[in-house]
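Data first, discussion second: the structure below is written as structure tokens.
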Amino acid sequence: MSTNAPAYDVREGGEVVPSFADIGVLAFTTGRATGSFGLQSDEPVREVVGRWTALRTLLGGNAARLATSFQVHGATIVRHGGEWRGWLRGENADGHLSEERGTAMGVLVADCVPVFLAHPRGVSAILHSGWRGTVAGITQRALTEFASLGCPPSEVRVHCGPAICGTCYEVSAEVYAQLTGKSVDAPTPVDLRQLIGGHARALGVRQLSISPLCTRCNNDRFFSHRTGDVGRQVGVIQASVEYVMA
């Protein structure tokens, strides 16, 4: 583990998912106070990389596995094994899943929904779900993969993290129709987290939670693309290797 890593907790000011702790799963979204994890701003790269270093330190340092990807607002989910170490930055995916405890996975968000999924056995996943990913059914795809690994949706815990709320998020009539199957004549507000939650429940999920935090309403706490922020918070999940299922 590097001795030069920043000595702070990247979770401060964000949101930690409390409902995953008793099954040995760490899940959280960082906040504005920690700073942006995106690389598309004019901020010095050393400062952004320093935050990623602090994150990796929290997750286990140089010996840890951390998977991220270039996000394209799709429904591709990458499954990760456990025969590697370091920071894996893959291409063109909006979801990560692993049945190997100790594997950390992250997605960048700034209004889109970070969707966390975990099973007591240690299978975990994280998704980046904007309106396109929601239409494409990325959450349903993840739950299908859990089921293929012997983890039925009724046993999977799902949390929709900080994202733009249904009052703040207005979409075109065309997008609204794609999301809801209903026709409207003008731009209309829509709640992505409620839609995602409905999709999860329809597949049998019983343990579902939705963050009360909106990236736009709580813009002092989180970055929001719709307010003009170029910053990005990161949603992270990691099942602990020390946890023993009762």
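Residue numbers (the working numbering): 1 to 246.
All residues carry an ideal CB built from backbone N, CA and C; glycine is no exception.
The model shown is predicted, which means the values in this text are computed figures rather than measured ones.
Check: Backbone CA spacing between residue 61 and residue 38 [nearest angstrom]; Outcome: 20 Å
Check: Rounded distance between the beta-carbons of residue 32 and residue 222, thought under 8 Å; Outcome: 6 Å
Check: Residue 28: first and last residue of the uninterrupted beta strand (DSSP E) it sits in; Outcome: 25-29
Check: Cutoff 6 Å; reference residue 120; Cβ partners in own chain excluding five residues on either side; Outcome: 23, 245
Check: Rounded Cβ spacing between residue 26 and residue 238 (contact assumed at less than 8 Å); Outcome: 5 Å
Check: Cβ-based burial, residue 84 [other Cβ within 10 Å; buried from 16]; Outcome: exposed
Check: Assigned exposure category for residue 65 - 16 Cβ within 10 Å defines buried; Outcome: buried
Check: Residue 111 to residue 154 span [Cα, whole Å]; Outcome: 28 Å
Check: Contact under 8 Å by Cβ, residue 235 with residue 126; Outcome: yes
Check: The beta strand (DSSP E) enclosing residue 141, as first and last residue numbers; Outcome: Note, residue 141: premise wrong, no beta strand (DSSP E); alpha helix (DSSP H) at 138-148.
Check: Where the alpha helix (DSSP H) through residue 196 begins and ends; Outcome: 192-202
Check: Stretch pair the region 210-228 + the region 80-99: three plus CB contacts closer than 8 Å; Outcome: no
Check: Residue span of the alpha helix (DSSP H) that contains residue 87, given as start and end; Outcome: Taken as a continuous stretch (DSSP letters only), residue 87 belongs to no alpha helix (DSSP H), being part of the beta strand (DSSP E) at 86-90.
Check: Residue range of the unbroken alpha helix (DSSP H) whose run includes residue 248; Outcome: Nothing about residue 248 can be read from this structure; the chain reaches only from 1 to 246.
Check: Buried or exposed by the 16-neighbour rule on C-beta atoms within 10 Å, applied to residue 17; Outcome: buried
Check: Range of the contiguous beta strand (DSSP E) that encloses residue 33; Outcome: Taken as a continuous stretch (DSSP letters only), residue 33 belongs to no beta strand (DSSP E), as it is neither H nor E.
Check: Presumed contact (8 Å Cβ cut-off) between residue 28 and residue 14, rounded CB distance; Outcome: 6 Å
Check: For residue 40, the three-state DSSP class (helix, strand or coil); Outcome: coil
Check: Nearest-angstrom Cα separation, counted from residue 193 out to residue 9; Outcome: 27 Å
Check: Pairwise C-alpha distance: residue 93 and residue 150; Outcome: 23 Å
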